[in-house]
Amino acid sequence: MLYIFDLGNVIVDIDFNRVLGVWSDLSRVPLATLKSRFQMGESFHQHERGEISDEVFAQKICHELGLSLSFEQFAAGWQAVFVGVRPEVIAIMHKLRDQGERVVILSNTNRLHCQFWPSEYPEVSAAADKIYLSQDMGLRKPDPAIYQRLLNEEEYSAEEAIFFDDNPENIEAARKLGIHSLLITDASVLPAFFADR
Numbered sequence: 284m285l286y287i288f289d290l291g292n293v294i295v296d297i298d299f300n301r302v303l304g305v306w307s308d309l310s311r312v313p314l315a316t317l318k319s320r321f322q323m324g325e326s327f328h329q330h331e332r333g334e335i336s337d338e339v340f341a342q343k344i345c346h347e348l349g350l351s352l353s354f355e356q357f358a359a360g361w362q363a364v365f366v367g368v369r370p371e372v373i374a375i376m377h378k379l380r381d382q383g384e385r386v387v388i389l390s391n392t393n394r395l396h397c398q399f400w401p402s403e404y405p406e407v408s409a410a411a412d413k414i415y416l417s418q419d420m421g422l423r424k425p426d427p428a429i430y431q432r433l434l435n436e437e438e439y440s441a442e443e444a445i446f447f448d449d450n451p452e453n454i455e456a457a458r459k460l461g462i463h464s465l466l467i468t469d470a471s472v473l474p475a476f477f478a479d480r
């Protein structure tokens, strides 16, 4: 079997409120104001597909949120999204690989975040056979093409794959392709799924 893991809130806990908190502290824009304005819109999607640079992305988000931040300040906030790794998921990934299963990561992410998490959480890369990143592929979930490309590269059929993600849209898109998919609503879901198998 091919096991496909999302990164954020599946393997590593993330929290965008932490990002907004840092930006609020640095800019003196009230946190409530930032929360009301922040959305993962088109510039967010362009960044995750690798279509715009980190600097252009920072400019666009600062403009959307009314922030006056240097790129370094923006980046400091952007990296604050990472809370910590879920060791129980890392253990599951290693166990699957020990059993001869194929384990990959498929993440909507961006270069700025990839300057941070691989060195901060080296155990993530060590637990996967391969990592597929949206900015390298020029595609992002839930675009069906990103799943199809992964299946093609891995040489597995949809029926031979299981996908774990915290976003209902991503899960729905994978299911439509015939990939068995499990929505991860909290940290207990994955360990419970494997305990039952």
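Numbering (my numbering), first residue to last: 284 to 480. Ideal Cβ placement from N, Cα and C applies to all residues, glycine included.
Between Asp448 and Ser464, the gap from beta carbon to beta carbon is short of 9 Å.
In this structure the segment 344-351 does not touch the segment 434-443; the number of beta carbon pairs closer than 8 Å is below three. Exposure of Ser319 is indicated by the presence of fewer than 16 other C-beta atoms within 10 angstroms of its C-beta.
Three or more beta-carbon pairs separated by less than 8 Å are not found between the segment 400-412 and the segment 304-311, which leaves the two stretches without contact. When the alpha-carbon of Lys459 is set against those of Met284, Met323, Asp289, Tyr430, the nearest one is in Tyr430. As DSSP reads the structure, Phe446 sits in a beta bridge with Ile287, Ser464.
In this structure, the beta-carbon distance from Asp289 to Lys424 falls below 9 Å. Counting only residues of its own chain and dropping the five nearest sequence neighbours on each side, Ala457 has a CB closer than 7 Å to the CB of Tyr430, Phe446, Ser464.
In the three-state DSSP reduction, Arg385 falls in the strand class (E or B).
The beta carbon of Ser408 sits closer than 7 Å to those of Pro401, Ile414, all from its chain and outside the five residues before and after it, given in chain order. Using a Cβ distance threshold of 9 Å, Val366 and Asp296 count as a contacting pair. By alpha-carbon distance to Pro405, the top candidate from Ala315, His330, Asn292, Ile373 is Ile373.
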